[in-house]
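To start, the structure under review is shown below, and the notes come after it.
2 protein chains.
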Amino acid sequence: MQSIVKLYQVKARPPSLADNTGDLDRLKKVTAGVLEGQNPVVAFSRIAPVAEAFRQSGFQGFAVVAHYASGPQLIDFYAKKPEFLVGMALDLGTTHLEASLVNLLNGKVLVRAAEVNGQLEFGADILARIHFAATKAGNRNGLDLLQERVIESIHKLAAELTRQIKIRTSDIVALSVSGNTTMVHFLLKQNPYHLCREPYIPVVNAPDPFQAYELGLDLHPASIVWVMPSIGSYFGGDLISGILASGLDQQDKTCMLIDVGTNAEVVVGNRDWLIACAGAAGPALEGGVARMGMRADIGAIEHCTIDPESGKFEYQTIGGTPARGICGSGVIDLVAGLYLARIIDIRGKFRPQQPQAKGRIIEQKDGFAYVLVSAEEAHGANPVLLSQVDIDALMRSKAAMYSILTTITNQVGVSFKDLHHIYVAGAFGKHISPRQAIVLGMLPDLSLEVYRPLGNSSLAGAEMMLIDASARERCLEVVGKITYVELNVNQEFMIRFSGSRFIPHTDHALFPSVPFYGES
Amino acid sequence: MQSIVKLYQVKARPPSLADNTGDLDRLKKVTAGVLEGQNPVVAFSRIAPVAEAFRQSGFQGFAVVAHYASGPQLIDFYAKKPEFLVGMALDLGTTHLEASLVNLLNGKVLVRAAEVNGQLEFGADILARIHFAATKAGNRNGLDLLQERVIESIHKLAAELTRQIKIRTSDIVALSVSGNTTMVHFLLKQNPYHLCREPYIPVVNAPDPFQAYELGLDLHPASIVWVMPSIGSYFGGDLISGILASGLDQQDKTCMLIDVGTNAEVVVGNRDWLIACAGAAGPALEGGVARMGMRADIGAIEHCTIDPESGKFEYQTIGGTPARGICGSGVIDLVAGLYLARIIDIRGKFRPQQPQAKGRIIEQKDGFAYVLVSAEEAHGANPVLLSQVDIDALMRSKAAMYSILTTITNQVGVSFKDLHHIYVAGAFGKHISPRQAIVLGMLPDLSLEVYRPLGNSSLAGAEMMLIDASARERCLEVVGKITYVELNVNQEFMIRFSGSRFIPHTDHALFPSVPFYGES
Chain A
3 MQSIVKLYQV KARPPSLADN TGDLDRLKKV TAGVLEGQNP VVAFSRIAPV AEAFRQSGFQ
63 GFAVVAHYAS GPQLIDFYAK KPEFLVGMAL DLGTTHLEAS LVNLLNGKVL VRAAEVNGQL
123 EFGADILARI HFAATKAGNR NGLDLLQERV IESIHKLAAE LTRQIKIRTS DIVALSVSGN
183 TTMVHFLLKQ NPYHLCREPY IPVVNAPDPF QAYELGLDLH PASIVWVMPS IGSYFGGDLI
243 SGILASGLDQ QDKTCMLIDV GTNAEVVVGN RDWLIACAGA AGPALEGGVA RMGMRADIGA
303 IEHCTIDPES GKFEYQTIGG TPARGICGSG VIDLVAGLYL ARIIDIRGKF RPQQPQAKGR
363 IIEQKDGFAY VLVSAEEAHG ANPVLLSQVD IDALMRSKAA MYSILTTITN QVGVSFKDLH
423 HIYVAGAFGK HISPRQAIVL GMLPDLSLEV YRPLGNSSLA GAEMMLIDAS ARERCLEVVG
483 KITYVELNVN QEFMIRFSGS RFIPHTDHAL FPSVPFYGES
Chain B
3 MQSIVKLYQV KARPPSLADN TGDLDRLKKV TAGVLEGQNP VVAFSRIAPV AEAFRQSGFQ
63 GFAVVAHYAS GPQLIDFYAK KPEFLVGMAL DLGTTHLEAS LVNLLNGKVL VRAAEVNGQL
123 EFGADILARI HFAATKAGNR NGLDLLQERV IESIHKLAAE LTRQIKIRTS DIVALSVSGN
183 TTMVHFLLKQ NPYHLCREPY IPVVNAPDPF QAYELGLDLH PASIVWVMPS IGSYFGGDLI
243 SGILASGLDQ QDKTCMLIDV GTNAEVVVGN RDWLIACAGA AGPALEGGVA RMGMRADIGA
303 IEHCTIDPES GKFEYQTIGG TPARGICGSG VIDLVAGLYL ARIIDIRGKF RPQQPQAKGR
363 IIEQKDGFAY VLVSAEEAHG ANPVLLSQVD IDALMRSKAA MYSILTTITN QVGVSFKDLH
423 HIYVAGAFGK HISPRQAIVL GMLPDLSLEV YRPLGNSSLA GAEMMLIDAS ARERCLEVVG
483 KITYVELNVN QEFMIRFSGS RFIPHTDHAL FPSVPFYGES
């Protein structure tokens, strides 16, 4: 374990007429001794506080050293060894931030929390916020406000986390940030203009670490801020985190990593090579897009079943509370169930005459819809429906997903059967049933053992950066090693996409385990 | 020549769908190529401006790289090669600042200027300002004001210098500062409290380089600020500059360096060893202390002679203007002349009955005085006198100086005759006649060939730092190599001091070239 910030116990001889070197020089000298001759640097802003703390401590105690790639930096001095030396890991999500505090002395995660991204007010999705960044709001510009808002959210998280373990936010001496490229640009107040315009170029992929005060972060002012590098506009540090957390870059056997949000990002590889792509998977799997859709949160229908014989519908919500909507995993379960009960056909179109649909199908202005929770059952809350429009969106998403997976594996001459594991990241990985996704033809028809949910690997990667020097080196190796394939400009992709817009697929042989109702 | 900031011509392939790395990462990559694989770092504050300048320049042009000890830092990007790449060298004196602009492309000094240190308002000497630093002035504290004032003086100098060569202050990409330890503390806003209290410990001797904006300096914001390291409270970076400028640390033969202000600082050594000491030389040689004394400035009597036979007095002023006062070199000439004309005795006391003094000696409340410029000659301006009190002060100063020189050479077992050169720094070195100083017994009785004036070696050292990487390494070697002897705690010194309070010395054999009038 090599934490990004470490304590080194040092003891200097006190100054005397015979030894009248400066306080800071004295500290640097003894610290260089315990750092095996590496001379630590002291940033200008830290000269006075570090020298003063050293003197106040009687010229002995604990040097607080941040390990930058360019060398060690002395950032503070403690008279006594603290119980915790705390780093904050941050998953900088578009809708939510998740963070944890890690004890850098032993690598243990102390506490975790989540917070809504305060930028939501300025745009629900990335493109809306990029647009907002370029606008003026009063005498402020949008980019300033976006940065200000996300920093407020980070401060809220830091306050909540530190409150739980009874420390001050100024005790946080390191921050590692993992997020998509756009969110990182907003945090660093970098112009996002070219991120969404061909050829989609970030201002910076791998910013050098810096001090928290430079960003206006209210942590320890010299807290080292370490930002997970990105590969490009559509392949951010959150994905690099996923690679590190899954260990994809260290596996002997070829594996795949899937992360699904508005975009689907996919990495295939092993210790020798890594290939990645990102493609628009469609919004159907994200909360707030299907009319009744929502994030995987309290009250969301997370899983549901339809008995293929009787058509009996049953569901569970997250937290067991009354249903408020349906999240991505619920939609996948539902549409798979509708197909197996033949309530929809292979194109995903409603068959309202199907007996199993009895009492569940209603007709609206824009087509049929399936009633999950009726107005009566909802007791005054909104009923929960899934409309033909929602299913059409899912069909496009699942087709895009399968096409992406086929394209990238083809690109490297790997077949799905060669994949030792498929890691599924994020909320999507945590909640979906791979079996139902296979029925839909969204994921390849492989043994369920192959599929591994990763949880919040963006946060896990950020945590690794705080405590593991080899992981910090690995992430730069990964960035250097990875080959990025731009899917949007790939002709093959559109052909594959067309073939995937059926349940499970036009080529039924690809999904031997799934009943085929093409004759209907 | 290895300037501290250099230009590197680079050309990157423009971004494309097939090569979508970030702007800054692209620039860092091509720059690492011309830096022989060293990866340049970009400070947080420079991400946006450097990336933007690179893009605006069409991804080709000149990378501006500051060479820190910890590695190269990319600080800016120019589309075209500028005529000058400008560094500012600064001698941070207690009363005056002197500065020059150096073209870092070829090492040439472009222009020089001087400016009064704006801190004078808060105290004429170092101790007064250290006291002021700890006081409150309204709702400001003294240290803040001292820093603010010296920064204003630096800004004035920068404005004046850049005006002369028609560039902007923001074109200054490097600043090297050479000054005494206290002035450096004020500039960096470091607490000077312990500098003047036993055991006289600085907050910092060798601050790591930093960016101009961190200090609030209105130069290029990422201008690298390089501060000449000091050895202790009484041996500052200005002296290290003197060692570098004289080349004392590279000489085969043993040499000596003398710098005289309120303190006399002396270094003896060669390429193998260096020993240094500083001692109170008394204020007689500094401007403004002898009642008629002044700095070596326009109107100061710089040199004068008294014919030993006739007593005829003649003088020259700096600038040839009417005499306003007398500077240190003039005082030395005068007192030597008074001795040779026997107008004073070996103790430095006036002999008013001496014929050569006729018409020149007046009696005042506190004793006799010699009239250099009478009220009549002064045409309404103040007459210029040198009183017994002034001469007594000079006698103490010259005794201190000679005792310091004897003590330090004794310490290392070197006799004056072994000294290949004696470098005399600063205004003192520039203006004094070594011969007259020898007559007084202030400097050893050696061939005049041995004495070498150094000029403003503090500024010269600062200039070297800007353009010579080996000199930047040398200065750290010097700091590591030098042995500092604290004179104030040396018993021997007081014995020597007593013997030196006569002209030229109680031991006349030490000054064979000087007439001895001990029998008078």
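Here the protein sequences come in this chain order: A and B.
Quick note on numbering: the first sequence equals residues 3 to 522 in our numbering.
Quick note on numbering: the second sequence equals residues 3 to 522 in our numbering.
Beta carbons: idealized from backbone N, C-alpha and C, even for Gly.
Going by beta carbons, leucine 246 of chain B and glycine 109 of chain B fall outside the 8 angstroms limit.
Isoleucine 156 of chain B is positioned such that its CB atom lies closer than 8 angstroms to that of leucine 99 of chain B. Per the C-alpha coordinates, the member of A/Ala20, A/Thr33 and A/Arg273 positioned closest to isoleucine 233 of chain B is A/Ala20. Per the coordinates, the alpha-carbon of proline 517 of chain B lies some 26 angstroms from the alpha-carbon of phenylalanine 495 of chain B. Not a single C-beta of chain A is nearer than 8 angstroms to the C-beta of alanine 14 of chain B. The beta carbon of threonine 256 of chain A does not come within 8 angstroms of any beta carbon belonging to chain B, so the residue lies off that interface. Contact check for proline 42 of chain A against valine 67 of chain A passes: the beta carbons are separated by less than 8 angstroms. Counting other Cβ atoms within 10 Å of its Cβ, lysine 191 of chain B reaches 16 or more and is therefore classed as buried.
By the neighbour-count criterion, in which a residue is buried when 16 or more other Cβ atoms sit within 10 angstroms of its Cβ, arginine 15 of chain B is exposed. When C-alpha distances from glutamine 318 of chain B are compared across B/Leu106, B/Ala298 and B/Ala402, the shortest belongs to B/Ala298. As a beta-bridge residue in DSSP terms, asparagine 143 of chain B pairs with B/Lys138. Valine 270 of chain A places its beta carbon less than 8 angstroms from that of valine 414 of chain A. Between alanine 280 of chain B and tyrosine 215 of chain B, the C-beta gap is not smaller than 8 angstroms, which leaves the two residues out of contact.
The C-beta of glutamine 192 of chain B comes closer than 8 angstroms to at least one C-beta of chain A. Close to glutamate 216 of chain A, with beta-carbon spacing below 9 angstroms, are these residues of chain B in chain order: Ala45, Phe46 and Ser47. Proximity of the segment 482-489 of chain B to the segment 367-386 of chain B falls short of the contact definition, fewer than three beta-carbon pairs being nearer than 8 angstroms. Of the other Cβ atoms in all chains shown, fewer than 16 fall within 10 Å of the Cβ of methionine 3 of chain A; this residue is therefore exposed. At a Cβ-Cβ threshold of 8 angstroms, valine 205 of chain B and aspartate 25 of chain A count as neighbours.
Annotation for isoleucine 203 of chain B: His196 place their beta carbon closer than 6 angstroms to its own, counting only its chain and skipping 5 residues before and after. CA-to-CA, the gap between valine 375 of chain A and alanine 325 of chain A works out to about 8 angstroms. When secondary structure is reduced to three states using DSSP, lysine 13 of chain B falls in the strand class.
Boundaries of the alpha helix (DSSP H) harbouring threonine 183 of chain A: 183-189, taken from the DSSP string.
Cβ neighbours of valine 36 of chain A within its own chain (closer than 7 angstroms, five residues either side excluded): Tyr10 and Val12. Looking at the DSSP output, tyrosine 519 of chain B shares a beta bridge with no other residue. Using a CB distance cut-off of 8 angstroms, isoleucine 469 of chain A does not count as an interface residue toward chain B. Annotation: Cβ neighbours of isoleucine 203 of chain B in chain A (cutoff 8 angstroms, chain order): Pro17, Asn22, Thr23, Gly24 and Asp25. When the beta-carbon positions are compared, aspartate 447 of chain A and proline 514 of chain A come within less than 8 angstroms of each other. For proline 455 of chain A, the secondary structure class from DSSP, reduced to helix, strand or coil, is strand. Distances from the CA of histidine 222 of chain B to each of B/Ala101, B/Leu456 and B/Phe212 were compared; the closest alpha carbon is that of B/Phe212. Listed along the chain, the chain A residues whose CB falls inside 7 angstroms of the CB of glutamate 38 of chain B amount to none; the nearest CB is some 16 angstroms away.
Shown here is that no member of the segment 374-403 of chain A has a Cβ falling below 7 angstroms from a Cβ of chain B.
Note on geometry: alpha-carbon atoms of glutamate 200 of chain B and threonine 23 of chain A lie some 12 angstroms from one another. Bounds of the alpha helix (DSSP H) holding proline 436 of chain B are 436-442. Of all residues in the segment 168-201 of chain A, only Thr183, Leu190, Lys191, Gln192, Asn193, His196, Glu200 and Pro201 place a beta-carbon less than 9 angstroms from a beta-carbon of chain B. Residues of chain B with a Cβ closer than 8 angstroms to the Cβ of phenylalanine 212 of chain A are, in chain order, Ala45 and Phe46. About 7 angstroms separates the beta carbons of leucine 29 of chain A and leucine 76 of chain A, which is inside the 8 angstroms limit, making them a contact pair.
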